[in-house]
Structures are given as C-alpha cells and as structure tokens.
C-alpha cells in the first residue's frame, strides 16, 4: 500500500475525525507523525481492530480518489492551456 502525501493527510484526517464508531486519535498526535508513527498510534489506540479501521479509511479514500484524480487532471489541463 502506497499513499501519496495528500492521501496520507486524508488518512490522518479520518483518524482524528472518526464518525465510524472508532475512537478518534488526537490531531496533535498525528500532526508530525510519519507512516511508522501512525501505525504505532493506531495499534496503541485500536489494538486488534487496527486492520478494520485501516480498511474503512482506505475505502473512504478510494471512494474519493476519482474526485481527487479529477481535480489533478483539471489542474494539469489548466496549466497546459
């Protein structure tokens, strides 16, 4: 799994604004967290549910990926024109 920096930012956003029934992680803990720090925080917070939480968030990111890719495409086209 390879998230770009923007997708990782969304991943962190979903972690601290959780509305899916899992405990949110404080924004301050995620601000400077790299990928390994994020995994550590998730394991500490969600224990055996870490994989489930990850799946829910990735599903949301993938559902929005078309929108994000469309914006990138439009931005690229406007730079060409």
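Residue numbers (this note's numbering): 313 to 393. Glycine is no exception: its CB is placed at the ideal position from the N, C-alpha and C atoms.
Take the Cβ of residue 365 as the centre, count every other Cβ of all protein chains shown within 10 Å, and call the residue buried at 16 or more, exposed below.
buried
Quick one: grab the DSSP three-state call for residue 333.
coil
Counting only the same chain and skipping the five closest in sequence on each side, list residues whose C-beta sits under 7 angstroms from that of residue 335.
357
Give the straight-line distance between the Cα atoms of residue 318 and residue 360, rounded to the nearest whole angstrom.
27 angstroms
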